[in-house]
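Visitor:
2 protein chains.
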Amino acid sequence: MIRGGAVVPDDELTRTVLDLVWRRREVSRAEMARDTGRSRSTISDVVGRLLDTGLVAEMGAGRSRGGRRPILVGFRDQAAVILGIDLGATHVSVILTNLRGRTLAWRECSHPVQTDPEGAEALIKALGDACLCEWGGDRSRLMGIGVAVPSPVDPDSPDRVLERVLPAWRGHSVIERLNAAFGVPVFVDNDANLGAVAERWWGEAVGIDDFVYLKVATGVGAGIMIGGRIHRGATGVAGEIGHVAIDPGGPQCVCGNRGCLATFVGTRQLVDRAGDLLACFPDSVLAGSEPDIRAIEDAALCDDPLALQVVREAAMRLGIVVAGVLNLLNPGSVILGGGLARAGERLIGPLREAVATRTLVASAAASDIRASELGDRAVALGAATHVLVAGLANPRLFPGVAPA
Amino acid sequence: MIRGGAVVPDDELTRTVLDLVWRRREVSRAEMARDTGRSRSTISDVVGRLLDTGLVAEMGAGRSRGGRRPILVGFRDQAAVILGIDLGATHVSVILTNLRGRTLAWRECSHPVQTDPEGAEALIKALGDACLCEWGGDRSRLMGIGVAVPSPVDPDSPDRVLERVLPAWRGHSVIERLNAAFGVPVFVDNDANLGAVAERWWGEAVGIDDFVYLKVATGVGAGIMIGGRIHRGATGVAGEIGHVAIDPGGPQCVCGNRGCLATFVGTRQLVDRAGDLLACFPDSVLAGSEPDIRAIEDAALCDDPLALQVVREAAMRLGIVVAGVLNLLNPGSVILGGGLARAGERLIGPLREAVATRTLVASAAASDIRASELGDRAVALGAATHVLVAGLANPRLFPGVAPA
DNA sequence: CGCACTTTGTTCGGCAACCGAACAAAGTAG
DNA sequence: CTACTTTGTTCGGTTGCCGAACAAAGTGCG
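Chains as they are written, first to last, in our numbering: chain R, 84 to 487; chain E, 84 to 487.
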């Protein structure tokens, strides 16, 4: 039995062909030649070498276009697996996917990540191991690990993160330790950025190159996709919109200003607001018990008036920011993610209204605003997908695979 | 006498080398080989073909690095010329530059562009001819024309512009007509975008790939540079920030909302505001005559209290928007252009203050904010530069030149 | 000064990528 | 059954790029 196929070449044309095979799922050599402008002989040559790596395989014959039937070449989605880790403020979740973003295993656990870095790190390893065990495949087929952190990530030193948001993690090299534990490359990025990646590959933004992903959870953050790539800004803090001022007369924020978006929208704020509103909505299903964010979301889905009011108010505040984003960036789409997105149309409806009254340019206003449908796993999925993206851009990252 | 050199090749390496020669001004073949990672023989070959085109030339010997002295190769800045046209709301200005952005001629003229498209078009041709005459060179060396319009430009159909802002121009194909008149390629883009291009090549943003240019003139617009390229958005209206809402209780705007940036900042608004303030500042140098925007700017430069007040108020309003931009995009720099930028530090000082109170993230706040120093000609210069950029990306655009 | 060593730019033979032409295999249309 | 397409491969040729070798023109040290 052969263990490990030929090493994957990574010249320009190989990348192009590999990407094409991945996107098209089943495609003939002749079609790729037409698509890339190369000759059939050249494509045939490249495909031959890719077949040796085990990363692609012939999948049978396609429909004739008036002549000999083409041999369809496809991507072997199961050739490798990827771990995606969502390191939240208060939880850790881990996903194991194949190369088509399919979930092979999933583990989640509450944990005080902010204050207990050692425990969180052990938890990551345990959950990662559990996922790999559940999957049951050969661990040498693990391609890499993607990690999402709730903090800006400096593109120049991705390892020196978490300074302000997770102070206890200072000096903690997540990359080195995970690399030592699993023996594969580790990639780290901001959670909102990776949520955007998930939407672009598997969610509402498939095929859209310019869009903005808004994650509303413990805090508020944005992932900005421009030209199909995440925009990080000069120092990696692009998208940190929690402290955009939306109301000069609003409440005091921890940052020293008044009326930041973060003083209105975010888990803590929504829960508090629901508590305040209990007096006005004594019949709410939320009355009686200490409300948490999950309960509020559930209540909104049952059209509970109090919960709907909380969601509407949040939508109004988000609308101010979204309108600003539309005017400034003119994205093709705006996707809302995070827990609040569960509310779906109950959130998006009022949000669209708030935006419509604040944008002039017709085409900006026409930009469609949607709720994510990827659920809890969006960010972890995005973290895994980030590794896949890195692989398609640099095929050397794919492990050697036994040819089919 | 030879007329027209060899046609310029446009393979990948030729583009790289041409760009390198342009940027370095004087560079040896060996140095280019080190820089590009190619071998000296390959570079020598490419340079040889470029010498035949007349676009580059040997400029003498450089300093020895311990061996034979290198032959320095340089870009022939005077090999071609470019026309840049700034089509403002109420004026037309035209610049003629060489390939290093040096002004060879300059003409400007007030004109009701919005209501008289035929007249404006004739004016463009007349001013363009005047510039070419003043220069006195061979018109076959005109490489192209760049046009800046005060309106969003759809990247997919750059010719179908000006719908809302310049309604009288509906169906007017500027591109076709100028192409017919001058016989060279014509490029059209938005004025703020082209202002940003000028700053990136000749102004405050030289060497910066991510920055935002704010143009404050008749209206307010932004040019957003990301990764060294203009960000246009899904439908080409990115940067149209005049109708970002900054004060829910502000005055009514033509767009139907309240408190748009455009209700506070812009030629008309500043002049009106100065008029209102005359009562409070009877000693102002602006008292007595009908103030215009130019007079206000001049007065501010002389530290006239009224004018300074107008500028400060504008800075405060702009600060709200700039803070939002910093939080969202984290640009390396923000450049202010347009007439108001003449006020220099008198505008930027209060603007920095306003921004500082509204941004949390230290690195975002650290982004430096500057006033343009390119003056009136910035936009026309940017229009010309756009053609140069197109040429460096696609050398075929350079006209055949007689070798030196 | 003389000599060893560098650096530059060119020449030239060779490798690898890519192409086009030709061809066999396998289909469709009439 | 025949004429025509389409696919995928083979094969010889062109082209871009490289490395080695070399002459020219420097530097630095004894």
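Built from N, CA and C at the ideal position, the CB exists for glycine as well. Keep in mind that this is a model prediction, so the values were computed, not measured.
Nearest chain R C-beta to E:N410 closer than 8 Å, yes or no?
Guide: Looking up residue 410 of chain E in the second sequence gives position 327. Yes, its Cβ sits closer than 8 Å to a Cβ of chain R.
Visitor: Could you compute how far the alpha carbon of E:R356 sits from the alpha carbon of E:V393?
Guide: Within the second sequence, the letter at position 273 stands for residue 356 of chain E. Within the second sequence, the letter at position 310 stands for residue 393 of chain E. Computed Cα separation, rounded: 7 Å.
Visitor: Can you tell which of E:G339, E:I313, E:V303, E:G342 has its C-alpha closest to the C-alpha of E:E323?
Guide: Looking up residue 323 of chain E in the second sequence gives position 240. Residue E:V303 is the option with its Cα nearest to E:E323.
Visitor: Alpha carbon to alpha carbon, how far is R:V417 from R:L434? Give it in angstroms, no decimals.
Guide: What you label residue 434 of chain R is simply residue 351 of the first sequence in a count that begins at 1. What you label residue 417 of chain R is simply residue 334 of the first sequence in a count that begins at 1. R:L434 and R:V417: Cα-Cα distance of roughly 11 Å.
Visitor: Give the DSSP-derived three-state secondary structure of E:A362 in the structure shown.
Guide: Taking the second sequence and counting its residues from 1, the one referred to as residue 362 of chain E is at position 279. Reduced to three states, the DSSP call for E:A362 is coil.
Visitor: Can you tell which of E:A426, E:S450, E:N477, E:H469 has its C-alpha closest to the C-alpha of E:E456?
Guide: Counted from its first residue, the second sequence places residue 456 of chain E at position 373. Residue E:A426 is the option with its Cα nearest to E:E456.
Visitor: For a quick check, are the C-beta atoms of E:N477 and E:D93 less than 8 Å apart?
Guide: Position 394 of the second sequence holds residue 477 of chain E. Position 10 of the second sequence holds residue 93 of chain E. Yes, the pair counts as a contact, with Cβ atoms nearer than the cut-off.
Visitor: For E:M84, which residues in the same chain have their Cβ closer than 6 Å to its Cβ, ignoring the five residues on either side in sequence?
Guide: Taking the first residue of the second sequence as 1, we reach residue 84 of chain E at position 1. Low per-residue confidence applies at E:M84: pLDDT is 35, beneath 50, and the placement is therefore not dependable enough to give any value.
Visitor: Does the distance from the CB of E:L166 to the CB of E:A467 come in under 8 Å?
Guide: On the second sequence, position 83 is the one that residue 166 of chain E refers to. On the second sequence, position 384 is the one that residue 467 of chain E refers to. Yes, the Cβ-Cβ distance between E:L166 and E:A467 is below 8 Å.
Visitor: Should the stretch 153-173 of chain R be regarded as contacting the stretch 129-145 of chain R, the criterion being three or more beta carbon pairs within less than 8 Å?
Guide: yes
Visitor: Less than 8 Å between the CB atoms is what I'm expecting for E:D451 and E:T318, so what's the real figure, rounded?
Guide: In the second sequence, counting from the first residue as 1, residue 451 of chain E sits at position 368. In the second sequence, counting from the first residue as 1, residue 318 of chain E sits at position 235. Not really, about 31 Å apart at Cβ, beyond 8 Å.
Visitor: Would DSSP call E:R86 helix, strand or coil?
Guide: Along the second sequence, one-based indexing puts residue 86 of chain E at 3. In this predicted model, E:R86 has a pLDDT of only 40, less than 50, meaning its place in the structure is not dependable enough to derive any value.
Visitor: Chain R partners of E:N262, CB-CB under 7 Å?
Guide: Position 179 of the second sequence holds residue 262 of chain E. Correct list: empty, because the minimum Cβ distance to chain R is about 27 Å.
Visitor: Of the residues E:R151, E:R117, E:L101, which one's Cα is nearest the Cα of E:M130?
Guide: Here residue 130 of chain E refers to the residue found at position 47 of the second sequence. It should be noted that the sequence gives Val, not Met, for residue 130 of chain E. Looking at the Cα atoms, E:L101 is the closest of the given residues.
Visitor: Alpha carbon to alpha carbon, how far is E:C214 from E:Q197? Give it in angstroms, no decimals.
Guide: Stepping through the second sequence from its first residue, residue 197 of chain E is reached at position 114. Stepping through the second sequence from its first residue, residue 214 of chain E is reached at position 131. Near 23 Å, if we compare the C-alpha coordinates of E:C214 and E:Q197.
Visitor: Identify each residue in the stretch 306-325 of chain R for which the Cβ-Cβ distance to at least one residue of chain E is less than 9 Å, and report them in chain order.
Guide: I307, I309, G310, R312, H314, R315, G316, A317, T318, G319, V320, A321, G322, E323, I324, G325
Visitor: Regarding E:V267 and the ligand MN, is the C-beta to nearest heavy atom distance less than 7 Å?
Guide: Of ligands this structure carries none, so the ligand MN is not represented either.
Visitor: What are the start and end residues of the beta strand (DSSP E) that includes R:G227?
Guide: Working through the first sequence from its first residue, we reach residue 227 of chain R at position 144. Start and end: 225-232.
Visitor: In chain E, what lies closer than 8 Å to R:P414 by C-beta?
Guide: On the first sequence, position 331 is the one that residue 414 of chain R refers to. What R:P414 touches in chain E: G316, A317.
Visitor: Any idea which residues DSSP pairs E:V91 with across the strands?
Guide: By 1-based counting over the second sequence, the position of residue 91 of chain E is 8. None, per the DSSP bridge assignment.
Visitor: Taking the alpha-carbon of R:L297 as reference, which of R:V289, R:I307, R:I291 has the nearest alpha-carbon?
Guide: Reading the first sequence from its first residue, position 214 is the one you call residue 297 of chain R. Of the candidates R:V289, R:I307, R:I291, the one whose C-alpha sits nearest the C-alpha of R:L297 is R:I307.
Visitor: For my contact list, E:L210 and E:C192 are in at a C-beta cut-off of 8 Å; report their separation, rounded to the angstrom.
Guide: For the purposes of this step, residue 210 of chain E is identified with residue 127 of the second sequence, where counting begins at 1. For the purposes of this step, residue 192 of chain E is identified with residue 109 of the second sequence, where counting begins at 1. At roughly 6 Å, the Cβ-Cβ gap stays under 8 Å, so E:L210 and E:C192 are in contact.
Visitor: Going by the CB atoms, is the gap between R:A231 and R:G465 shorter than 8 Å?
Guide: Looking up residue 465 of chain R in the first sequence gives position 382. Looking up residue 231 of chain R in the first sequence gives position 148. Yes, Cβ-Cβ distance for R:G465 and R:A231 is below 8 Å.
Visitor: Can you name the residues of chain R whose CB is closer than 8 Å to the CB of E:A406?
Guide: The sequence position of residue 406 of chain E within the second sequence is 323, counting from 1. Residues of chain R passing the Cβ test: V327, A328.
Visitor: Less than 6 Å between C-beta atoms, sequence neighbours within five positions excluded: which residues of the same chain meet that for R:A424?
Guide: In the first sequence, counting from the first residue as 1, residue 424 of chain R sits at position 341. Only A454, S455 meet the Cβ criterion.
Visitor: Go ahead and pull the three-state DSSP assignment for R:R108.
Guide: Position 25 of the first sequence, counting from 1, holds the residue named residue 108 of chain R. Reduced to three states, the DSSP call for R:R108 is coil.
Visitor: Since E:G229 contacts E:F270 with CB under 8 Å, what's their CB separation in whole angstroms?
Guide: Locating residue 229 of chain E in the second sequence gives position 146, where the first residue counts as 1. Locating residue 270 of chain E in the second sequence gives position 187, where the first residue counts as 1. Indeed they touch by this definition, with Cβ atoms about 5 Å apart.
Visitor: Of all Cβ atoms in chain E, is any one closer than 8 Å to the Cβ of R:M84?
Guide: As a working mapping, residue 84 of chain R is identified with position 1 in the first sequence. Confidence is the limiting factor: at R:M84 the pLDDT is only 35, short of 50, which leaves the residue's position unreliable, though a coordinate-based value still follows. Not an interface residue.
Visitor: Would E:Q335 be called buried (16 or more neighbouring beta carbons within 10 Å of its own) or exposed?
Guide: Numbered from its first residue, the second sequence carries residue 335 of chain E at position 252. Exposed, because fewer than 16 other Cβ atoms sit within 10 Å of the Cβ of E:Q335.
Visitor: Using a beta-carbon distance below 8 Å, is E:R441 in contact with chain R?
Guide: For the purposes of this step, residue 441 of chain E is taken as residue 358 along the second sequence, with counting starting at 1. E:R441 counts as touching chain R.
Visitor: Identify the continuous alpha helix (DSSP H) that holds E:R151 and give its terminal residues.
Guide: In the second sequence, residue 151 of chain E corresponds to position 68, counting from 1. From DSSP, E:R151 is part of no alpha helix (DSSP H); its letter is neither H nor E.
Visitor: For the stretch 278-297 of chain R, enumerate the residues whose C-beta is nearer than 7 Å to any C-beta of chain E, in chain order.
Guide: Taking 7 Å as the Cβ-Cβ cut-off against chain E, the residues of the stretch 278-297 of chain R that qualify are D293.
Visitor: Cutting at 8 Å between CB atoms, please list the residues of its own chain near E:G342, excluding the five before and the five after it.
Guide: Looking up residue 342 of chain E in the second sequence gives position 259. Residues of the same chain with a CB within less than 8 Å of the CB of E:G342, apart from the 5 flanking positions on each side, are A328, I329, D330, P331, G332, G333, P334, C336 in chain order.
Visitor: Taking only beta-carbon atoms, is E:S450 less than 8 Å away from chain R?
Guide: Taking the first residue of the second sequence as 1, we reach residue 450 of chain E at position 367. Residue-level contact check: E:S450 touches chain R, since one or more beta carbons of chain R fall below 8 Å from its beta carbon.
Visitor: Confirm, please, whether the CB-CB distance from E:V405 to E:V348 is below 8 Å.
Guide: Here residue 348 of chain E corresponds to residue number 265 of the second sequence, with the count starting at 1. Here residue 405 of chain E corresponds to residue number 322 of the second sequence, with the count starting at 1. The Cβ atoms of E:V348 and E:V405 lie no closer than 8 Å to each other.
Visitor: According to DSSP, what are the bridge partners of R:T180?
Guide: Numbered from its first residue, the first sequence carries residue 180 of chain R at position 97. Answer is R:I165, R:T186, bridged to R:T180.
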